[in-house]
Structure formats: C-alpha cells, structure tokens
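Participant:
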Amino acid sequence: MILVGRAPATVSLLAPLRFRLRSAVSQPIRLVVVGGAIAVLLAIVAYPLAYLLKFSLTDPSGRASLATLRELVAEPGMTDAVLNSTLLVLCVTAAALALGVPLAWLVARTDVPGKAIVAGAAGVAFVIPTFVTVIAWMFLAAPNSGYLNKLVRAATGSRAPAFDVVSFSGLVFMEAVHLYPLVFFAVTAALANVDASNEQAAQVLGAGRLRTLRTITLPLVLPAVLASAILVMLDTLSSFGAPAVIGTMANFQVLTTKVYDLVAYPPRLNLAAATAMPIVAFTLLCLGAQRLLIGRDDYRTLTGKAVRDEPVRLGRWRPLATVFVAAAVLVTAVLPVAALALLSTLRAFGLPVKASNLVLDHYRTMLDPSFPGLGAMQNSLILALATATVCVTLGTICAWVVERSRLFGRGAITTLIMIAYGFPSIAFGLGIMLGYVGAFYGTLTILLIAYAAKQLPVAYVMIRSGLKQITADLEEAARISGASWLRTLLDITLPLVKGAAGIAWILIFSLSLRELSMSVLLSQTDTQVMSTIIVQFIQDGAVEPAAALSIVVVAVSLAVLLVVWRFTGRSATEFH
Numbered sequence: 073m074i075l076v077g078r079a080p081a082t083v084s085l086l087a088p089l090r091f092r093l094r095s096a097v098s099q100p101i102r103l104v105v106v107g108g109a110i111a112v113l114l115a116i117v118a119y120p121l122a123y124l125l126k127f128s129l130t131d132p133s134g135r136a137s138l139a140t141l142r143e144l145v146a147e148p149g150m151t152d153a154v155l156n157s158t159l160l161v162l163c164v165t166a167a168a169l170a171l172g173v174p175l176a177w178l179v180a181r182t183d184v185p186g187k188a189i190v191a192g193a194a195g196v197a198f199v200i201p202t203f204v205t206v207i208a209w210m211f212l213a214a215p216n217s218g219y220l221n222k223l224v225r226a227a228t229g230s231r232a233p234a235f236d237v238v239s240f241s242g243l244v245f246m247e248a249v250h251l252y253p254l255v256f257f258a259v260t261a262a263l264a265n266v267d268a269s270n271e272q273a274a275q276v277l278g279a280g281r282l283r284t285l286r287t288i289t290l291p292l293v294l295p296a297v298l299a300s301a302i303l304v305m306l307d308t309l310s311s312f313g314a315p316a317v318i319g320t321m322a323n324f325q326v327l328t329t330k331v332y333d334l335v336a337y338p339p340r341l342n343l344a345a346a347t348a349m350p351i352v353a354f355t356l357l358c359l360g361a362q363r364l365l366i367g368r369d370d371y372r373t374l375t376g377k378a379v380r381d382e383p384v385r386l387g388r389w390r391p392l393a394t395v396f397v398a399a400a401v402l403v404t405a406v407l408p409v410a411a412l413a414l415l416s417t418l419r420a421f422g423l424p425v426k427a428s429n430l431v432l433d434h435y436r437t438m439l440d441p442s443f444p445g446l447g448a449m450q451n452s453l454i455l456a457l458a459t460a461t462v463c464v465t466l467g468t469i470c471a472w473v474v475e476r477s478r479l480f481g482r483g484a485i486t487t488l489i490m491i492a493y494g495f496p497s498i499a500f501g502l503g504i505m506l507g508y509v510g511a512f513y514g515t516l517t518i519l520l521i522a523y524a525a526k527q528l529p530v531a532y533v534m535i536r537s538g539l540k541q542i543t544a545d546l547e548e549a550a551r552i553s554g555a556s557w558l559r560t561l562l563d564i565t566l567p568l569v570k571g572a573a574g575i576a577w578i579l580i581f582s583l584s585l586r587e588l589s590m591s592v593l594l595s596q597t598d599t600q601v602m603s604t605i606i607v608q609f610i611q612d613g614a615v616e617p618a619a620a621l622s623i624v625v626v627a628v629s630l631a632v633l634l635v636v637w638r639f640t641g642r643s644a645t646e647f648h
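Numbered per this note's numbering, the sequence shown spans residues 73 to 648.
1. So, for isoleucine 302: in the same chain, excluding its five sequence neighbours on each side, which residues have a beta-carbon less than 8 Å away from its beta-carbon?
2. For leucine 364, tell me which candidate among Leu298, Asn429 and Gln450 has the shortest Cα-Cα distance.
3. DSSP beta-bridge partners for alanine 136?
4. Quick check on lysine 330: buried or exposed, where buried means 16 or more other Cβ atoms within 10 Å of its Cβ?
5. According to DSSP, simplified to helix, strand and coil, what is valine 397?
6. Please classify valine 431: does DSSP put it in a helix, a strand, or coil?
7. Using only the alpha-carbon positions, how far apart do threonine 182 and glycine 387 sit?
8. Nearest-angstrom Cα distance between serine 589 and alanine 522?
9. Return yes when the Cβ of tryptophan 577 is within less than 8 Å of the Cβ of valine 464, no when it is not.
10. Does the separation of the CB atoms of leucine 502 and alanine 344 fall below 8 Å?
11. Check whether the Cβ atoms of phenylalanine 198 and histidine 250 lie closer than 8 Å to each other.
12. By Cβ distance below 7 Å, which residues in the same chain neighbour alanine 30 in space, the five residues on each side in sequence not counted?
13. Using a 10 Å radius around the Cβ and a threshold of 16 neighbouring Cβ atoms, would you call glutamine 450 buried or exposed?
14. Figure out for me which residue from Ala153, Lys426, Gln600 and Gly242 has the closest Cα to the Cα of glycine 514.
15. Count the other CB atoms, across all protein chains shown, that sit within 10 Å of the CB of lysine 426; report buried if there are 16 or more and exposed otherwise.
16. Go to proline 291, then tell me how far its alpha helix (DSSP H) extends in each direction, as first and last residue.
17. Work out the CA separation of phenylalanine 512 and aspartate 598 for me, nearest whole Å.
18. Among Arg102, Ala413 and Val112, which one has its Cα closest to the Cα of valine 462?
19. Determine the extent of the alpha helix (DSSP H) in which tyrosine 532 is found, giving its start and end residues.
20. Answer yes or no: do alanine 153 and leucine 327 have a C-beta to C-beta separation smaller than 8 Å?
21. Output needed for aspartate 563: all residues of its chain with C-beta closer than 8 Å, excluding positions within five of it in sequence on either side, in chain order.
22. Let me know the secondary structure DSSP gives valine 384 once reduced to three states.
23. With a threshold of 6 Å on Cβ separation, who are the neighbours of proline 233 within its own chain once the five nearest residues in sequence on each side are excluded?
24. With a CB to CB cut of under 6 Å and the five nearest residues on each side skipped, what residues in its chain are close to proline 529?
25. For alanine 167 and alanine 544, what's the separation of their Cα atoms in angstroms?
26. So, at 7 Å on beta carbons, what are the nonlocal neighbours of serine 241 in its own chain, with the 5 sequence-adjacent residues on each side left out?
27. Kindly give me the distance between the Cβ atoms of valine 255 and serine 300, rounded to whole angstroms, as I take these residues to be in contact under 8 Å.
28. For chain B, find out if any of its Cβ atoms is closer than 8 Å to the Cβ of arginine 225; answer yes or no.
29. I think leucine 633 touches valine 397, with their Cβ atoms under 8 Å apart; what is that distance to the nearest whole Å?
30. Report yes if the CB atom of glutamate 547 is closer than 8 Å to the CB atom of threonine 565, and no otherwise.
31. Can you tell me which residues form a DSSP beta bridge with threonine 182?
32. What separation, rounded to the nearest whole angstrom, lies between the Cα atoms of threonine 205 and isoleucine 454?
33. Skipping 5 residues on each side, what residues in its chain have a beta carbon closer than 8 Å to that of serine 230?
34. Report all residues from its chain with a CB closer than 8 Å to the CB of isoleucine 605; omit the five preceding and five following residues, and keep chain order.
35. Expressed to the nearest angstrom, what Euclidean distance is found between the alpha-carbon atoms of methionine 349 and alanine 194?
36. My output table needs one value for leucine 415: the three-state DSSP class, helix, strand or coil.
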C-alpha cells in the first residue's frame with residue numbers, strides 16, 4: 073500500500089529559493105554581472121550613506137544619541153529653510169512640467185518647425201551650470217543694472233524694473249529653465265518608443281485630439297513623466313549654486329544653503345548630516361507615490377515603433393505653437409548664451425556693449441600653458457566621460473534587475489539609488505570623503521565615486537522608463553530560441569532602450585562637466601575641475617574669464633551631444 077501525504081511546509085517554502093539558486097548557477101555570466109553591479113552600488117551609495125547616518129545619530133563624542141536631531145529642530149532658521157525648500161520644489165517642478173511636456177509632444181508628434189533647434193536649446197539650457205546661469209541672468213535682468221531693464225527704461229521711460237531675478241520667483245524661474253530638459257528629454261524618449269498608430273486608431277474610431285492625448289498618449293508616457301518629475305524635485309532640493317547666490321542677495325535660505333553653513337567653519341558635521349534626514353523622508357515619499365501611480369501595466373506596448381510616424385498636423389494652431397517654441401528657445405538658451413558670450417568678450421563687467429569694449433583676451437588666456445583651467449578641462453572631460461559610461465552601464469543592469477528579474481529585495485535597489493540623488497550634494501560629498509578619505513582622497517577616483525553615485529538615478533530612471541514601456545515577451549522569445557542572457561541583453565534589450573540610454577549618457581556627461589558642490593569639497597590642487605576654477609574666478613571678481621570658460625563648457629557639451637546622437641542612430645531626439 074502506498075501512502076500519499078502532504079509535502080512538508082519547509083519543502084514548499086524552499087522550492088522557489090532552490091529554483092532561483094539553480095537558475096543563477098546555470099547562468100554564471102548573469103550572476104557575475106548582476107552581483108558585481110549590486111556590489112558597486114553598495115560601495116558607492118550605501119557605504120557613504122552609512123557614515124552620514126552614523127554622524128546624524130551620534131553626539132560630538134561619538135556616542136549614540138538623538139540629541140543631534142533635537143538640536144536640528146531647534147536650529148535658528150531651520151523651519152524657514154524647510155518651508156522655502158518645499159515651496160521651491162513644488163514651484164520648479166510645476167514650471168518644468170508645464171514647459172517640458174508640451175515641448176516634448178510638439179517636437180515628437182507634430183509638424184511644428186525647428187524641432188532640432190528646440191532639442192539643441194534644451195541641451196544648452198541643461199549644460200549651463202546654475203551658478204553661471206545666475207551670472208547670465210543678473211547681467212540681463214538684475215533690477216538696476218540688467219541690460220534688459222535698461223532697454224525697457226530707454227523705451228518706456230519707466231523707472232520701475234521690468235524684470236527682477238533677485239527674488240524667490242527669480243530663483244524659481246532660473247531653476248525651472250535649467251531643469252525642464254530632464255522632462256523634455258525623458259518624455260521625447262518615451263514618445264519615441266510608442267507607436268503612433270495607437271493614437272491614430274483612436275482618432276479613426278472618433279476620439280478627438282484631446283481625448284486621444286488623455287486616454288492614449290499620456291498613460292503610455294506616464295512612467296517617464298513621473299520619473300522626470302521626481303528627478304526635477306530631487307535636483308531642486310539638492311541645488312546649491314543658484315540658491316546660495318540669490319538667497320544671499322534676497323535674504324532667504326533653503327536646506328542646501330543651511331547645510332553649507334553647518335559644514336563651514338566652525339564645522340558642525342553631526343548637524344549637517346542630520347539635516348539630510350528630512351530629504352531622505354521626502355525621497356521615500358516620492359518613490360512611494362511613483363510606485364502607487366504607475367504600478368499597473370497599461371502603459372506597456374509589445375514592441376517599439378515599427379514604422380515611421382506621420383506628424384500630427386497642427387493646422388490653425390501651428391502659428392501659436394511656433395511662437396511658443398520660439399519663446400522657449402529664446403528664453404532658455406539664446407538669451408543666457410548671448411549674455412555669457414558678451415560677458416566673455418567685455419573688457420570689464422558693467423562697461424557699455426560696444427565694439428571698442430569687446431575683446432578676445434579672455435579666450436587667449438586659456439591658451440597659455442600656465443592657465444590653471446587647462447588641467448581642470450582635462451580632469452573634467454575624463455570624469456564626465458567615465459561617469460556617463462559607468463552610470464549608463466550600471467543603470468542598465470540595475471533597471472533590468474528591478475524590471476525583469478525576480479531577485480529578492482530588488483525594490484530596495486530603487487530606493488538606494490534615488491536617496492543618493494535627493495541628498496544635498498555637499499552632505500553626500502561629506503559622506504564620500506568620510507568613507508574614502510584614507511584610500512582615494514586627493515585623487516580623481518574619489519570624484520568619480522561621488523559623481524557616479526549622484527548621477528546614477530538619471531540613467532536608471534530613464535532606462536527603467538524605457539523598459540517599462542516594452543513587454544518582456546521579446547526577451548523571453550529570444551531565450552526560448554536559445555539565446556543566452558547576455559546575448560538577449562545586447563541584441564534585444566539594449567537596442568530597444570538605446571534612445572533613452574543615449575539621452576541619459578548626454579545628460580550625465582553634462583551634469584558631471586558642471587558639478588560644483590561635491591567638487592569643491594573633494595578636489596585638491598591636482599584634481600581641480602572646470603566648475604571649481606569658474607567659481608574661483610567669480611570669487612576673485614573675474615567674471616569675464618569665468619564666462620569664457622563657461623562658453624567652453626557649453627561648446628564641449630554640445631559637441632559630445634552631436635557625437636552621441638550620431639552614435640545612437642535613431643534615438644528619441646531624431647525628429648521627423
């Protein structure tokens with residue numbers, strides 16, 4: 073007689089674990105690649121964050137204590153800084169979405185003219201460092217000395233300034249103009265992966281243009297919109313350069329400037345580290361909201377686009393759309409670059425703009441072998457190239473793990489990556505310094521670690537958004553046909569997200585080329601970068617050579633942007 077009974081509960085619980093272990097062992101390349109990526113992520117993000125957490129939960133003698141958090145609440149001006157940061161984040165995000173999403177749709181879907189110019193203008197707006205943007209707009213729209221205000225006064229006779237960037241609203245404007253490309257590029261990449269035949273089918277069935285946008289287009293690009301909005305929020309929250317300049321002149325503080333005061337002499341590192349804790353809570357809240365809102369699969373498509381899309385004919389709305397596009401290009405790129413170009417050729421700030429006051433001496437200085445900016449240029453290019461490559465590689469692997477694998481605890485990867493982005497750069501740079509001061513301090517390696525940890529979320533969210541739009545059926549079909557995991561990744565997955573990866577590489581290159589806050593803390597004499605040299609010029613009152621070096625930053629970034637466009641072929645930025 074054969075007795076049949078239930079299998080022990082432990083066997084049923086261990087069965088999935090055994091299956092995953094067998095699957096991992098059977099694919100050693102995947103095990104090594106994924107394991108290595110997670111190890112790197114822990115080393116560059118978790119390790120320095122652990123130091124910051126330790127400092128925030130200990131007193132000056134090193135003993136565990138909550139006194140630092142209590143002291144943080146009682147710190148003069150902290151409440152106002154938190155409120156100002158919250159308002160700044162909300163206003164900048166709303167403005168960036170209001171500008172970036174319509175521009176992306178017009179460029180990716182319609183017959184609006186000048187699409188390549190719009191994309192180039194977005195790239196220019198993003199690569200200009202915020203602390204340099206402040207100089208450009210002070211030159212243009214300072215209440216008393218701004219050239220635009222002078223022109224308005226001359227034309228109207230009014231004494232009241234028409235523009236005033238030395239204010240909280242001026243800070244919102246400059247941050248939004250600088251960060252809207254995150255939304256623009258993310259949404260154009262998402263639209264490039266969506267076959268327009270879905271929208272055309274809806275219109276054939278009688279849906280109007282607005283209903284098609286609301287029910288078809290927006291749901292399909294929702295992951296990209298939310299991911300880019302979170303990036304804008306966290307970037308605004310961690311921004312330092314523009315708030316430091318405008319806040320000092322307009323007499324208000326935000327969290328990052330408060331952290332800087334705590335790090336400055338006499339340093340209160342425990343309190344500075346604790347200041348980052350509210351930002352951690354905000355980051356977790358953003359991630360929870362994102363997961364709640366896009367936890368469905370109704371924005372996935374089976375493939376990328378199979379045929380070239382026919383642009384939407386704007387008809388009588390085309391002139392209005394053209395004006396909107398032209399105004400965006402003028403305000404976000406042309407005016408700031410023109411201001412920088414004028415500044416870089418003026419003999420001295422404040423002189424009238426006329427031929428006798430325009431010189432090229434500041435550019436000739438860069439060719440002098442003793443010019444400190446030459447070594448800084450080389451360091452910046454090396455770091456930018458290495459950071460962009462590391463982040464896109466690591467971001468692709470991490471995005472695949474989260475979206476395609478069944479790895480236990482994979483959701484923690486997203487949290488870990490995004491928390492680093494939300495940290496004020498000064499505070500995170502402090503964690504990097506504390507964690508790696510004995511091994512890499514004074515080398516480019518410690519800067520690379522800091523840059524990669526902070527910029528990884530840009531690659532991760534864009535590539536993950538691309539993966540979210542594409543069902544895993546294509547990869548599963550390749551594996552069923554006998555393709556290995558690595559070949560499937562290289563031949564199927566990467567080509568489908570190539571546009572998003574290319575845009576992420578460009579953005580990270582640009583971000584790294586102009587990174588300031590961590591560079592000031594971690595760079596030494598031999599590891600100066602262009603941003604620290606520019607700031608030194610500004611602090612010394614040499615605004616003109618600072619503007620000239622900023623023009624070089626913009627030119628290099630645009631040159632690399634064009635190369636990457638050619639390399640990525642048909643990408644999200646290749647318009648019809």
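All residues carry an ideal CB built from backbone N, CA and C; glycine is no exception.
Facilitator: Answer, in terms of the structure:
1. Only Cys358, Leu359, Gln362, Met490 and Val533 meet the Cβ criterion.
2. Nearest C-alpha to leucine 364 among Leu298, Asn429 and Gln450: Leu298.
3. Its beta-bridge partners are Thr130.
4. With a 10 Å radius around the Cβ and a threshold of 16 neighbouring Cβ atoms, lysine 330 comes out buried.
5. When DSSP states are grouped into helix, strand and coil, valine 397 belongs to the helix group.
6. Reduced to three states, the DSSP call for valine 431 is coil.
7. Roughly 10 Å between the two C-alpha positions.
8. Their backbone Cα atoms lie some 11 Å apart in a straight line.
9. It is a contact, given that the beta carbons lie within the stated cut-off.
10. Taking 8 Å as the Cβ cut-off, leucine 502 and alanine 344 qualify as a contacting pair.
11. Taking 8 Å as the Cβ cut-off, phenylalanine 198 and histidine 250 qualify as a contacting pair.
12. Given a span of 73 to 648 for the chain in the structure shown, any question on residue 30 remains unanswerable.
13. Flag for glutamine 450 reads exposed.
14. When each option's Cα is compared against that of glycine 514, the closest is Gln600.
15. By the neighbour-count criterion, in which 16 or more other beta carbons inside 10 Å mark a residue as buried, lysine 426 falls on the exposed side.
16. Per DSSP, proline 291 belongs to the alpha helix (DSSP H) from 290 to 310.
17. Going by the C-alpha atoms only, they are around 13 Å apart.
18. Measuring from the Cα of valine 462, the nearest candidate turns out to be Val112.
19. Note, tyrosine 532: alpha helix (DSSP H), 516 to 540.
20. Cβ distance < 8 Å, so alanine 153 and leucine 327 count as in contact.
21. Within the same chain, aspartate 563 has close Cβ partners Ala550 and Ala555.
22. In this structure, valine 384 counts as strand in the three-state DSSP scheme.
23. The answer, listed in chain order, is Pro215 and Asn221.
24. So the list reads Ile489, Met490 and Tyr493, once near-sequence residues are dropped.
25. Our two residues, alanine 167 and alanine 544, have alpha carbons roughly 35 Å apart in a direct line.
26. Closer than 7 Å at Cβ, skipping near neighbours: no residue.
27. Indeed, because the Cβ distance is near 4 Å, the residues count as touching under 8 Å.
28. No chain B appears in this structure, which consists of one protein chain only.
29. No, leucine 633 and valine 397 are not in contact; Cβ-Cβ is about 19 Å, not under 8 Å.
30. Going by C-beta atoms, glutamate 547 is nearer than 8 Å to threonine 565.
31. Val384.
32. Approximately 24 Å, taken between the alpha carbons.
33. So the list reads Val224, once near-sequence residues are dropped.
34. Excluding positions up to five away in sequence, the list reads Pro444, Gly445, Ala448 and Leu621.
35. Using only the alpha carbons, I get a separation of about 33 Å.
36. In the structure shown, the three-state DSSP call for leucine 415 is helix.
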